[in-house]
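Let me begin by presenting the structure, written as structure tokens, before commenting on it.
Chains as they are written, first to last, in the working numbering: chain G, -17 to 573; chain F, 17 to 211.
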């Protein structure tokens, strides 16, 4: 990777243009260092803002599932002096929350912690009946030789056949992770090694299921790991360290909200989103009907139905008359009406932006076409990466904008926060927010306008002009998004009595979960790759201590002039390309 | 499949001390070992005293690793037993079952449940509410139900009387003897013959 670093043009302006085509532009060359100091400071400040939402994500595949839990298992085994299966039992019981285990260890003490999780306090003494060679199994009432019986850690001894039958029933019931001892009221969890051995001898298929269930406990019984919600399922799970209110992209390409597993919906909170989806489903018929069958009254702007007659009448007397009739309606229907129009107001804007988003693929295709025409033109401008970057900025900000409407609907409505604000306060905040939202909307549309220009037919000067506008507007839009999020988080959500969390704004698009890459052999190194994958950009104290990392993150951010930050794909096989993560693979390849 | 040898051992074991324990188990119809009928005596000092309660027992294929399915055939007025269909709410018949428990221990637990209802975890909400709000009415209803449904003396009493009278015993004697043996026709016959 370092080899062709010299090829990067050292001047700041051209490096801006050529950023896309080189792997190593994230390294700061010495010349750049001083010139960009100021922007580095700016970046550091930005990072501090994002710190409170620190979270990093990694993908856990079938293959890395075992490695992923190794770390937690090892920590618990080492610090509590436990055997692996006891450590696993403890972790499963406490939902793989290592910190909580140690917290509870302090509060409850070792004995209670263990017995509640089903770990016997002391190893069973084997002095039971050494003289006799037979033991009566209390389940089948047969006398069996000692060698055909198994004793659990709690000291309860039953014949192997009964154990096996019991295990198979339990595994089939789906209780693999917490198979209790057969003795009545015994809370001890069975030794997984014995389960494995006995079940495998009789039903290898079920033993396999047991193994899988045990492994998948790390996903199923763990608040920080979730299955990717893709259908058909990609088989991956995502692990989040830090704030679980975040949005993530799986390696399969599926983007989702980690907290609620539905589509990414920030700045809408999960609660709002759930309500909104439901409302959209319930109201869609009504709204459709109103949109199709009514026209707003010219006097009061209420939708009025025209039930027959020619279209000319619609703007004439009859409709006005109709409107007048409806004006004098009871308060209750009036309120219902107001609610519906309020919903429609937000829904229409939400829908307009989501519909634009649906055109993403088409727009991208069109622009790709224009770029390739331009690139083959006889012109000195060869780099059109600014178009793609601007396009990505457009998509990202449109997404933010579209979800900001359901957010506003609930933020300033009565559904969730009825008693949280006085009406004056609400009005004030709504004005503040809508001002920002409008600014953002205005600039997003402008950016969209510039991007849709037919720049392939432009002269060089016109192209340069468009480029300047696109880069500028991308910057402005990014900043406005950031500001709107600040307003949402600090001014709107923070003062609420009940905490309401949203996924933070990501200037560079959704976090793409990095591949989990864990060393197996050395115990200490086992941790390293995970830390590494926590990404260069997250300035968690103690993690990004290495100077090369520090330099890299500053470099990549400061070079970036209104462009999305680039992130390194954590590719173990080398040849890792740096590219904007929101660019789909096929586009990235063409760049 | 059901562990036949274990169930047979259980039956022998349970019925050996049926007089003492007050619980017994019999095959339901003799053809299959997975369908049984249990009886428990209503515990003394409760509204169920004097009643004999019949319980339908079905053994699932995984028995004893899965709990037996039990249901009251006799109608009972009890917070943890459905007054409609006799379904039972008892932890050891659900997640607290252990293969080391037996049908006998389960029946004994049911007997204990009759003595100590758990209205906070009800099966029959109506009964449980009555138990908590108006114990005397509850108690009276439970006693009445025991009288009406759990005493063989009350079920088909007239038939039994008539049958024994037709055998040649005087009616007043038949009635008093039947009453003394709690309506058990065979025991009454024995008594009448011997005495």
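Using N, Cα and C, we set each Cβ at its ideal position, and we do this for glycine too.
Member of the options whose CA lies at the smallest distance from the CA of residue i
{"i": "residue 492 (chain G)", "options": "G:72, G:174, G:239, G:448", "result": "G:239"}
{"i": "residue 386 (chain G)", "options": "G:416, G:75, G:324, G:168", "result": "G:416"}
{"i": "residue 102 (chain F)", "options": "F:115, F:124, F:71, F:53", "result": "F:71"}
{"i": "residue 129 (chain F)", "options": "F:109, F:142, F:183", "result": "F:109"}
{"i": "residue 146 (chain G)", "options": "G:131, G:135, G:212", "result": "G:131"}
{"i": "residue 47 (chain G)", "options": "G:193, G:185, G:450", "result": "G:193"}
{"i": "residue 364 (chain G)", "options": "G:150, G:438, G:75", "result": "G:438"}
{"i": "residue 55 (chain G)", "options": "G:318, G:403, G:80", "result": "G:80"}
{"i": "residue 434 (chain G)", "options": "G:99, G:272, G:361, G:369", "result": "G:369"}
{"i": "residue 446 (chain G)", "options": "G:142, G:362, G:150", "result": "G:362"}
{"i": "residue 329 (chain G)", "options": "G:261, G:314, G:373", "result": "G:261"}
{"i": "residue 155 (chain G)", "options": "F:144, F:27, F:111", "result": "F:111"}
{"i": "residue 90 (chain F)", "options": "F:58, F:82, F:106", "result": "F:58"}
Under 8 Å between C-beta atoms of residue i and residue j
{"i": "residue 122 (chain F)", "j": "residue 84 (chain F)", "result": "yes"}
{"i": "residue 166 (chain G)", "j": "residue 116 (chain F)", "result": "yes"}
{"i": "residue 166 (chain F)", "j": "residue 68 (chain F)", "result": "yes"}
{"i": "residue 181 (chain G)", "j": "residue 161 (chain G)", "result": "no"}
{"i": "residue 244 (chain G)", "j": "residue 258 (chain G)", "result": "no"}
{"i": "residue 41 (chain G)", "j": "residue 495 (chain G)", "result": "yes"}
{"i": "residue 181 (chain F)", "j": "residue 187 (chain F)", "result": "yes"}
{"i": "residue 99 (chain G)", "j": "residue 75 (chain G)", "result": "yes"}
{"i": "residue 136 (chain G)", "j": "residue 102 (chain G)", "result": "yes"}
{"i": "residue 151 (chain G)", "j": "residue 78 (chain F)", "result": "yes"}
{"i": "residue 241 (chain G)", "j": "residue 234 (chain G)", "result": "no"}
{"i": "residue 106 (chain F)", "j": "residue 126 (chain F)", "result": "yes"}
{"i": "residue 425 (chain G)", "j": "residue 373 (chain G)", "result": "no"}
Cα-Cα separation between residue i and residue j, rounded to whole angstroms
{"i": "residue 250 (chain G)", "j": "residue 388 (chain G)", "result": "7 Å"}
{"i": "residue 30 (chain F)", "j": "residue 164 (chain G)", "result": "21 Å"}
{"i": "residue 422 (chain G)", "j": "residue 464 (chain G)", "result": "10 Å"}
{"i": "residue 390 (chain G)", "j": "residue 413 (chain G)", "result": "11 Å"}
{"i": "residue 190 (chain G)", "j": "residue 468 (chain G)", "result": "50 Å"}
{"i": "residue 454 (chain G)", "j": "residue 411 (chain G)", "result": "29 Å"}
{"i": "residue 193 (chain F)", "j": "residue 207 (chain F)", "result": "7 Å"}
{"i": "residue 228 (chain G)", "j": "residue 430 (chain G)", "result": "27 Å"}
{"i": "residue 237 (chain G)", "j": "residue 403 (chain G)", "result": "34 Å"}
{"i": "residue 324 (chain G)", "j": "residue 479 (chain G)", "result": "25 Å"}
{"i": "residue 247 (chain G)", "j": "residue 210 (chain G)", "result": "16 Å"}
{"i": "residue 69 (chain G)", "j": "residue 225 (chain G)", "result": "25 Å"}
{"i": "residue 205 (chain G)", "j": "residue 83 (chain G)", "result": "14 Å"}
{"i": "residue 337 (chain G)", "j": "residue 37 (chain G)", "result": "30 Å"}
{"i": "residue 200 (chain G)", "j": "residue 20 (chain F)", "result": "39 Å"}
{"i": "residue 355 (chain G)", "j": "residue 428 (chain G)", "result": "24 Å"}
{"i": "residue 78 (chain G)", "j": "residue 74 (chain F)", "result": "39 Å"}
{"i": "residue 384 (chain G)", "j": "residue 334 (chain G)", "result": "8 Å"}
{"i": "residue 191 (chain F)", "j": "residue 177 (chain F)", "result": "7 Å"}
{"i": "residue 230 (chain G)", "j": "residue 221 (chain G)", "result": "10 Å"}
{"i": "residue 61 (chain G)", "j": "residue 86 (chain G)", "result": "14 Å"}
{"i": "residue 46 (chain F)", "j": "residue 56 (chain F)", "result": "20 Å"}
{"i": "residue 205 (chain F)", "j": "residue 116 (chain G)", "result": "50 Å"}
Buried versus exposed, by CB contacts within 10 Å (16 or more), residue i
{"i": "residue 474 (chain G)", "result": "buried"}
{"i": "residue 32 (chain F)", "result": "exposed"}
{"i": "residue 16 (chain F)", "result": "It is not possible to answer for residue 16 (chain F), since the shown part of chain F is limited to 17 through 211."}
{"i": "residue 164 (chain F)", "result": "exposed"}
{"i": "residue 318 (chain G)", "result": "exposed"}
{"i": "residue 392 (chain G)", "result": "buried"}
{"i": "residue 153 (chain F)", "result": "exposed"}
{"i": "residue 460 (chain G)", "result": "buried"}
{"i": "residue 23 (chain F)", "result": "buried"}
{"i": "residue 131 (chain F)", "result": "exposed"}
{"i": "residue 12 (chain G)", "result": "At residue 12 (chain G), the pLDDT of 44 sits below 50, so the modelled position is not reliable; the number obtained from the coordinates is stated separately. When all chains shown are included, residue 12 (chain G) counts as exposed."}
{"i": "residue 91 (chain G)", "result": "exposed"}
{"i": "residue 232 (chain G)", "result": "buried"}
{"i": "residue 420 (chain G)", "result": "exposed"}
{"i": "residue 173 (chain G)", "result": "buried"}
Problem - At least 3 beta-carbon pairs within less than 8 Å: the region 58 to 72 of chain F vs the region 147 to 165 of chain F - result: yes
Exercise for the section: Taking 8 Å as the threshold, find out whether the region 37 to 53 of chain F comes into contact with the region 92 to 107 of chain F through three or more Cβ pairs. Expected result: no
Handout entry: the region 167 to 187 of chain G touching the region 143 to 153 of chain F, judged by at least three CB pairs closer than 8 Å
Key = no
Handout entry: Contact between the region 365 to 381 of chain G and the region 335 to 354 of chain G (3+ Cβ pairs under 8 Å)
Key = yes
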